[in-house]
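Presented below is the structure to which this report refers.
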Amino acid sequence: MYQDRTLLQEAETTEPDWIAMIDNVTFTYPGAEAPVLNGVSLQIKRGDFVAVIGGNGSGKSTLCKTLNGLIPHYYVGDFEGSVQVNGLQTLEHDVARLSRHVGYVYQDFENQLIRPTVLDDASFAPLNYGFEDYLERGQRALRLVDLTADPKEFIWQLSGGQKHQLALAGAVSLDPDILIIDEPVAQLDPRHARDIYELLRRLNEQHGKTIIVIEHHTEFIAEYCKQVVLMDQGRAVWSKPVEEALLELEQLRSSQIYPPQVTQAAAELAKIQERDSAGMDDREPNLGCFGLGLPHLASYPITLDEAAAYFQRLQQLEPLEPQKERSGLIGIAAGHVADAGAVAIKEASGISSIKDASNIAAVSGANAATGKAGMAGEGANCPERRVTSGNTEANTDVNTDANTDVDMGINADANTDAAPIIEAKHVRFSYRTVSRERKVVLRDVSATFRTGDLVALVGNNGAGKSSFMRLITGVTKPESGRIVVKGMDTAATAPEQLANTVTYIYQNPEEMFIEDSIRKDVEFFLKARRVEGYKEKVDAILESFGLTELQHRDGRLLSGGQQRRASLAIGVAMNPSVILLDEPTANLDIATRKDITRLLKQLNRHVETVIVATHDMQLVAEWANRIIVMHQGDIIRDGTRESVFGDAGLLEQAGLRAPQILELSRRLGMSPLSYTVDEFAQRWNESRKGAARHGVCT
Amino acid sequence: MEYVRKLMDRVSVEGVKIELLNTAYGNGNTFLARLDPRTLFLWYLYFGIAPWFIHNEVLLLGMFLLLAVTTMMSRVSPLIIVILCLGLLSQAGYLFIVSWLFGGGGETIMPLLKLTMKLSVISMASITVFCSMDPEKLSDGLLRIGVPKQVSFGIAYGYRMLPSLVEEYHHIFLSFRLRGVAPSRHGLLYWRSIVYFLKIAVLSFYPLILSIAKRTRTTVEALEAKGFSYAYHSREAKRIKLSYMKFTIRDAVFLLGSGLYVVLLYVLAAQFSI
Numbered sequence: 001m002y003q004d005r006t007l008l009q010e011a012e013t014t015e016p017d018w019i020a021m022i023d024n025v026t027f028t029y030p031g032a033e034a035p036v037l038n039g040v041s042l043q044i045k046r047g048d049f050v051a052v053i054g055g056n057g058s059g060k061s062t063l064c065k066t067l068n069g070l071i072p073h074y075y076v077g078d079f080e081g082s083v084q085v086n087g088l089q090t091l092e093h094d095v096a097r098l099s100r101h102v103g104y105v106y107q108d109f110e111n112q113l114i115r116p117t118v119l120d121d122a123s124f125a126p127l128n129y130g131f132e133d134y135l136e137r138g139q140r141a142l143r144l145v146d147l148t149a150d151p152k153e154f155i156w157q158l159s160g161g162q163k164h165q166l167a168l169a170g171a172v173s174l175d176p177d178i179l180i181i182d183e184p185v186a187q188l189d190p191r192h193a194r195d196i197y198e199l200l201r202r203l204n205e206q207h208g209k210t211i212i213v214i215e216h217h218t219e220f221i222a223e224y225c226k227q228v229v230l231m232d233q234g235r236a237v238w239s240k241p242v243e244e245a246l247l248e249l250e251q252l253r254s255s256q257i258y259p260p261q262v263t264q265a266a267a268e269l270a271k272i273q274e275r276d277s278a279g280m281d282d283r284e285p286n287l288g289c290f291g292l293g294l295p296h297l298a299s300y301p302i303t304l305d306e307a308a309a310y311f312q313r314l315q316q317l318e319p320l321e322p323q324k325e326r327s328g329l330i331g332i333a334a335g336h337v338a339d340a341g342a343v344a345i346k347e348a349s350g351i352s353s354i355k356d357a358s359n360i361a362a363v364s365g366a367n368a369a370t371g372k373a374g375m376a377g378e379g380a381n382c383p384e385r386r387v388t389s390g391n392t393e394a395n396t397d398v399n400t401d402a403n404t405d406v407d408m409g410i411n412a413d414a415n416t417d418a419a420p421i422i423e424a425k426h427v428r429f430s431y432r433t434v435s436r437e438r439k440v441v442l443r444d445v446s447a448t449f450r451t452g453d454l455v456a457l458v459g460n461n462g463a464g465k466s467s468f469m470r471l472i473t474g475v476t477k478p479e480s481g482r483i484v485v486k487g488m489d490t491a492a493t494a495p496e497q498l499a500n501t502v503t504y505i506y507q508n509p510e511e512m513f514i515e516d517s518i519r520k521d522v523e524f525f526l527k528a529r530r531v532e533g534y535k536e537k538v539d540a541i542l543e544s545f546g547l548t549e550l551q552h553r554d555g556r557l558l559s560g561g562q563q564r565r566a567s568l569a570i571g572v573a574m575n576p577s578v579i580l581l582d583e584p585t586a587n588l589d590i591a592t593r594k595d596i597t598r599l600l601k602q603l604n605r606h607v608e609t610v611i612v613a614t615h616d617m618q619l620v621a622e623w624a625n626r627i628i629v630m631h632q633g634d635i636i637r638d639g640t641r642e643s644v645f646g647d648a649g650l651l652e653q654a655g656l657r658a659p660q661i662l663e664l665s666r667r668l669g670m671s672p673l674s675y676t677v678d679e680f681a682q683r684w685n686e687s688r689k690g691a692a693r694h695g696v697c698t
Numbered sequence: 699m700e701y702v703r704k705l706m707d708r709v710s711v712e713g714v715k716i717e718l719l720n721t722a723y724g725n726g727n728t729f730l731a732r733l734d735p736r737t738l739f740l741w742y743l744y745f746g747i748a749p750w751f752i753h754n755e756v757l758l759l760g761m762f763l764l765l766a767v768t769t770m771m772s773r774v775s776p777l778i779i780v781i782l783c784l785g786l787l788s789q790a791g792y793l794f795i796v797s798w799l800f801g802g803g804g805e806t807i808m809p810l811l812k813l814t815m816k817l818s819v820i821s822m823a824s825i826t827v828f829c830s831m832d833p834e835k836l837s838d839g840l841l842r843i844g845v846p847k848q849v850s851f852g853i854a855y856g857y858r859m860l861p862s863l864v865e866e867y868h869h870i871f872l873s874f875r876l877r878g879v880a881p882s883r884h885g886l887l888y889w890r891s892i893v894y895f896l897k898i899a900v901l902s903f904y905p906l907i908l909s910i911a912k913r914t915r916t917t918v919e920a921l922e923a924k925g926f927s928y929a930y931h932s933r934e935a936k937r938i939k940l941s942y943m944k945f946t947i948r949d950a951v952f953l954l955g956s957g958l959y960v961v962l963l964y965v966l967a968a969q970f971s972i
């Protein structure tokens, strides 16, 4: 209530042009016990770009549906309070009238496309509202969202990104003043995600639309939005300008929202240093240095550019030369982008022997482009330097992702000894399209997977990732070439038989629910094979995935995160040697995403090889020990994260974007690059301590 | 084995989806497809019904020839033709065997042939008409002749959903395969495998129904927001939507040509008989 009152006061003093006013609205869905909206009050300025954030079930979507009148006209629940949109009371006007002021794009936007062809769908609403020039309006909408597809194209021929654009075109076809987009980037690859936000920005800045997005990705919010509304338990906790909102770290965290990685890093550092300086009185002379270096809460950076400037300022405050010589942790290395191979060796040599390190060098050298092979070779020529720097790292980076280092060790060994689990040789695959042409999905793909491989399969939509995984399961057969899984040729083996070895987890968990309860789904495989004592096994699996409570519920009725957990449980119950996951973290809020990442990290205890197709570069950076980049049906890189994220040209070609923190450490010239926030904070802090010890700051 | 694989590729779920979509939407450029839907309705009114009441062989044969030509003109997918032939042959064959068992003889062949001829004329008329109108045109045509909006919308929307439904069905079907156990032996004439596949083919429908029910929620909300129910009460919207429909010289030529041909057939039939 307190916050609500301050908002109202602000309205009275400055009197901006409110386009939407929600006043003390309470709403309960018919049949539900508790209200979803609980006395929410909120104002939205005309021309604003607003992000609505909040945990699952906080009422974000419901709030947005009050704006176009779906609530209370379509969902006739208990409605109290008032909503005014563009001067219209929503209680007095129906959905049809309000829809001309408010456009809505759903999270499952495919179901929102109603007509079979592009222009038809874009002009559907103007037609219904009786505009003579409905076709021109449709065309205008298509131009506005930059959809270049043939207007007569069938919608099932469009790519995911194009479908989203079309849904957006349908929403803007009536030229509404407000556009609501529910999770715009959830189903898109990184490049399309940015495209959509650029588009929204243009609609906002050039066409004066008020944009409201429901969004979990704070990195996009920081870059594109102007105002942030935090929802919690059916109320708007606050509405603040984005620079302030993303610094409310405590409140965000309690709502399961994670601030941008760069903000996290700055906050993390501040915390560490506050702790350090408080605990060490004898360091009195250095305190000034810390104080200078870390300004107060209000000025943490929220975007990459800001962060680069912020940390560069810190760097300038303390000359880094002496410490660069000492440990080599932070150095403004020129041309460091190209030294992927050498970095790979350095990291690995932190734990492996020289022999292992040269193995890796050979591998990454072979996989890298010619220029890089040279770099890797250079590294291999001077093993002594490598070992020294490796030792230094091992001593200083106690807490950095030890997991990854160990995995790398395994990988290096496996490359020489163990028999391959999966062997794909010159695989070609194509399918027939509706126009009866054959579309080639995989051209000539060869790859070998061994025990201990945690593989991330990356590349933009349509690069062939899912097709490749399906070939491994045996449900589709290669056109030429062959895939052998543990000695079985997939072309000659039924998928039922391969299922004893390989598990494939669908991108959409709902397609895995073939029974009417989670428990039945999990036990389906074991029951079909008459496994002894399967009941106990299922009990244990349900327990470890936190599904015991939900076991008798229908999978389709669970929340997104629960569905994902259930689909993983179904997979693990099959006790496979190989587990294939298609976009395991898509469509999840960040908290659930972390949960799934944690479960993924546990998987390799039971499973020999895990392959994940994903757009989620944070997951790739934190989890994988081998990355395969696919582009237009070919593998264009197969190597370590260093060889992928260190190669800007490759990322550009494959439409990938490195995680923000990695990008930051690159811009700051840190070497090796940091892959997680913790790693970054640790390295940065160590280097500062080093600098402080040498009295640079006095 | 290779041949079986190729055949399987054709009759796979994907293959069926492609054939269905092509049958529905793929023939937009033929002469017949450019006719006004009302012309086709009128035409169908005669060729779809009249053959039931015609017993003259010359007339039937003449119509059969005309419709064979129009069917070819509508460029139907071969799959449909195969299904049609199978249906007609099995129907005729079964009737012949039954009549023969119950004491019929050579003299039953003629009436059976006549019946088969009638059926094939009517079937080809249906194929010609419905393959020449994509679902959009069909639904607009129906709307124009006064069929309620829900029906015509249902046809258009049903076809638009078809590919996603088939795809989802396919995924569920594969889910069963990826977790189930196929019979270890095929059995006599593959009966074990056939039973196994038929069983999951049926079982896959249940999850499909449930997930469609869930999808529909967004669709219904979107329909509401896009003014579908608003347009229901608006004559204006209907007028604008259907304003593209026009009788042209093409329609006249088609109707007149068909009419003349039929008249000619009647003249011929009056003079000759088989």
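Protein chains in written order, with the working numbering: chain X, 1 to 698; chain P, 699 to 972. Glycine included, every Cβ here is placed at the ideal spot set by N, Cα and C. What you are looking at is a predicted structure, and each value in this text was computed from that prediction instead of being measured.
Query                                                                                                                                                                 : Result
Output needed for Val-95(X): all residues of its chain with C-beta closer than 8 Å, excluding positions within five of it in sequence on either side, in chain order. : Asn-68, Gly-69, Leu-70, His-73, Tyr-74
In chain P, which residues lie less than 7 Å from Tyr-29(X) when you measure between Cβ atoms?                                                                        : The contacting residues do not exist; Tyr-29(X) stays about 12 Å from chain P at best.
Grab me the residues of Asp-17(X)'s own chain with a C-beta within less than 7 Å of its C-beta, minus the 5 sequence neighbours each way, in chain order.             : Lys-45, Arg-46
By the 10 Å Cβ neighbour count, where 16 or more other Cβ atoms means buried, how is Arg-470(X) classified, buried or exposed?                                        : buried
With the cut-off set at 7 Å, would you say Thr-916(P) and Tyr-106(X) are in Cβ contact?                                                                               : yes
Using CA coordinates, which residue listed in Phe-545(X), Ala-566(X), Ser-544(X) is at the minimum distance from Asp-554(X)?                                          : Ala-566(X)
On the three-pair Cβ rule with 8 Å, is the stretch 658-670 of chain X touching the stretch 251-259 of chain X?                                                        : no
Measuring alpha carbon to alpha carbon, tell me which residue in Glu-583(X), Val-228(X), Leu-174(X), Leu-547(X) is nearest Ser-466(X).                                : Glu-583(X)
How would you list, in chain order, the residues of chain X whose beta-carbon sits under 7 Å from the beta-carbon of Pro-905(P)?                                      : Phe-513, Ile-514
Would DSSP call Tyr-744(P) helix, strand or coil?                                                                                                                     : helix
Taking contact to mean at least 3 C-beta pairs separated by less than 8 Å, is the stretch 954-963 of chain P in contact with the stretch 121-136 of chain X?          : no
Any C-beta of chain P sitting closer than 7 Å to the C-beta of Asn-128(X)?                                                                                            : yes
Given that a residue counts as buried once 16 or more other Cβ atoms are within 10 Å of its Cβ, and exposed if not, what is Ala-540(X)?                               : exposed
When you compare the CB of Tyr-534(X) with every CB in chain P, is at least one pair closer than 7 Å?                                                                 : no
How would you list, in chain order, the residues of chain X whose beta-carbon sits under 7 Å from the beta-carbon of Tyr-855(P)?                                      : Ile-114
Does any CB atom of chain X fall closer than 7 Å to the CB of Met-699(P)?                                                                                             : Caution applies to Met-699(P), whose pLDDT of 49 falls short of 50 and renders its modelled position unreliable; the model cannot decide the point.
Would the stretch 736-751 of chain P count as touching the stretch 796-810 of chain P if we require 3 or more Cβ pairs under 8 Å?                                     : no
Give me the subset of the stretch 425-441 of chain X whose CB atoms are less than 9 Å from a CB atom of chain P, sorted by chain position.                            : Tyr-431, Arg-432, Thr-433, Val-434, Ser-435, Arg-436
Have a look at Asp-595(X), Gln-187(X), Asp-120(X), Ala-141(X) and flag the residue whose alpha-carbon is nearest the alpha-carbon of Phe-154(X).                      : Asp-120(X)
Please compile the residues from chain X whose C-beta is within a distance smaller than 9 Å of the C-beta of Ser-932(P).                                              : Asn-128, Tyr-129, Gly-130
Name the DSSP beta bridge partners of His-631(X), please?                                                                                                             : Asp-634(X)
What ranges does the beta strand (DSSP E) occupy inside the stretch 37-96 of chain X, keeping only unbroken runs of at least 3 residues that lie completely in it?    : 37-45, 49-53, 78-85
By how many angstroms is the C-alpha of Thr-676(X) removed from the C-alpha of Arg-688(X)?                                                                            : 18 Å
Going along the chain, which residues of its own chain have a beta-carbon closer than 6 Å to the beta-carbon of Glu-384(X), five neighbours each way excluded?        : Residue placement at Glu-384(X) cannot be trusted, given a pLDDT of 34 that sits under 50; the coordinates are not used to answer.
According to DSSP, simplified to helix, strand and coil, what is Asp-281(X)?                                                                                          : Bear in mind that the predicted position of Asp-281(X) carries a pLDDT of just 45, short of 50, making it unreliable; the figure below should be weighed with that in mind. Helix, per DSSP.
For a contact defined as C-beta to C-beta under 7 Å, what are the partners of Glu-510(X) on chain P?                                                                  : Ser-909
Of the residues Leu-547(X), Gly-690(X), Ser-559(X), Ile-483(X), which one's Cα is nearest the Cα of Glu-510(X)?                                                       : Ser-559(X)
Relative to the C-alpha of Gly-462(X), which residue among Gly-103(X), Leu-568(X), Gly-161(X) is closest?                                                             : Gly-161(X)
Just the C-alpha distance for Lys-527(X) and Ile-505(X), rounded to the nearest angstrom, thanks.                                                                     : 19 Å
Cβ closer than 7 Å: which chain X residues qualify as neighbours of Gly-925(P)?                                                                                       : Ala-96, Ser-99, Ala-125, Asn-128, Tyr-129
Could you list which residues in chain X have their beta carbon closer than 8 Å to that of His-869(P), in chain order?                                                : Tyr-506, Asn-508, Glu-511
Please decide whether Val-774(P) counts as near chain X, where near means a Cβ-Cβ distance under 7 Å.                                                                 : no
Exposed or buried, what is Gly-487(X) when buried is set at 16 or more other beta-carbons lying within 10 Å of its beta-carbon?                                       : exposed
Can you check which of these residues, Ser-82(X), Gln-139(X), Val-538(X), Gly-31(X), is closest to Leu-166(X) by C-alpha distance?                                    : Gln-139(X)
Measuring only between beta-carbons, confirm whether Ala-920(P) sits less than 7 Å from chain X.                                                                      : yes
With which residues is Phe-524(X) paired in a DSSP beta bridge?                                                                                                       : Per DSSP, none; premise fails for Phe-524(X).
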